[in-house]
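Notes for the one structure printed next.
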Amino acid sequence: EHLDSRRLPRELFSMAMEQPDPLPLGKCEQCHKTFDGTRFALWYDFTKKRRSCEHLVCGPCRGSMSSWQKPLCPNSRCQKRFFSIHEALCPDTASTEDFFLFINYTWTGRITKEELAAWYMTNFYMESDDAMATVNGKWHLWDVPKNRSFLQLGWFRSQDQGDLDKEEFKAVQPFLAEFFSRSLAAAAAAPAKLAAQAEVDVPAGAKASVKPPSEVGGSALPGGLAGCSSGGLAESAEPGGKGIKRPRSQVADDFADEMLRRVEQKTLSDSKELQLQLSNHDDKGRSWFDFFDRDKNGELEKDELTTALLKTFL
């Protein structure tokens, strides 16, 4: 299905300019490693596009989880049964019909704010409050009031139902697609930007004055070691002893700082949540145990226990 710009309200076309900043990608629900761009969903019935829950896993975990004797969602608060694991649908490639069903994991036929917020939180590093604020900020553009006489059971329907039908969702998918694409592009560019910060911009004059290792005190050691062994520190490449400049991109710095800040916030939040699960007297910490029992064999192996302690207390 394609969107016809003549049928959409004018304000919808300004939404691309009001997108939230790109976010770091989220983590696999099983191994808790950051997604590399490919995510897999847990399906109850893939042919009908019915998901078991909102949670996502990575490719390596998909392989191991496919052989589980008890295929349950690894999220300790979910534990929904699944029957297959297939690649998660993307808003920029999936049809409106399929992506509507993908977001509507509760199978109600109408998408709620909570389901849209869950899409943000499972695909990206995003706290629930931030996700809901993003959804609420655009909801008045998406949830269009409609007058309808009766439902199938004869009940009157309110103008503002508080959820989205398939027609209303046509305006939402382009917004999600734009945000998804920008975040993927930012995640792909992040390593290159961070690497560029570490590159040394050596002036042409300084490069000409550098001698090969064999000419430094007759040493055959590598340049760095030969310089140290020749009796003292190497001279500065710039007059005044200021050293070689290392230019830094302010944009890359801000992006890296923001990523680290969000990761630290998410890690601290996860740690507090895990400590609460461990000290839960109602189930005697069973949810905490199940969360880290990756192979679901009823025991915590050495590596599982190590991971559990690190993520809970550090």
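Plus 3 on top of the position in the sequence shown (first one is 1) and you've got my numbering.
From the three backbone atoms N, C-alpha and C, an ideal C-beta is built for every residue, glycine too.
Determine, using beta carbons only, whether residue i comes closer than 8 Å to chain D.
| i | result |
| --- | --- |
| Arg54 | Reference to chain D is not applicable here, since this structure consists of a single protein chain. |
Would you grab the beta carbon distance between residue i and residue j for me? Rounded to a whole angstrom, and I think it's under 8 Å.
| i | j | result |
| --- | --- | --- |
| Ala2 | Leu144 | It is not possible to answer for residue 2, since the shown part of the chain is limited to 4 through 317. |
| Pro63 | Leu179 | Not quite, the Cβ-Cβ distance comes to about 26 Å (not below 8 Å), so this is no contact. |
| Thr315 | Leu271 | About 12 Å separates the two Cβ atoms, so there is no contact after all. |
| Asn78 | Glu130 | Not quite, the Cβ-Cβ distance comes to about 16 Å (not below 8 Å), so this is no contact. |
| Val138 | Lys116 | 5 Å |
Would you say residue i and residue j are within 8 Å of each other, going by their C-beta atoms?
| i | j | result |
| --- | --- | --- |
| Tyr128 | Pro27 | yes |
| Glu57 | Ala136 | no |
| Glu307 | Phe295 | yes |
| Met69 | Ile88 | In the sequence on display, residue 69 carries Ser and not Met. Yes. Within cutoff. |
| Ile114 | Phe103 | yes |
| Cys34 | Cys76 | no |
| Ala97 | Arg42 | no |
| Gln176 | Thr99 | yes |
| Asp146 | Leu119 | no |
| Asn283 | Ser290 | yes |
| Arg53 | Ala44 | no |
| Phe292 | Leu277 | no |
Classify residue i as helix, strand or coil using the three-state DSSP reduction.
| i | result |
| --- | --- |
| Leu279 | helix |
| Ala311 | helix |
| Asn139 | helix |
| Val175 | helix |
| Lys305 | helix |
| Asp133 | helix |
| Asp273 | helix |
| Ser290 | helix |
| Leu119 | helix |
| Ala97 | coil |
| Arg264 | helix |
| Leu92 | coil |
In the DSSP assignment, what are the bridge partners of residue i?
| i | result |
| --- | --- |
| Phe127 | Leu28 |
| Ile114 | Leu167 |
Within the present structure, is the beta-carbon of residue i separated from the nearest heavy atom of the ligand MG by less than 7 Å?
| i | result |
| --- | --- |
| Ser69 | As presented, the structure is devoid of all ligands, the ligand MG included, so that no description of it is given. |
Whole beta strand (DSSP E) runs in the stretch 18 to 90 with 3 or more residues, listed along the chain?
43 to 48, 53 to 60 and 87 to 90
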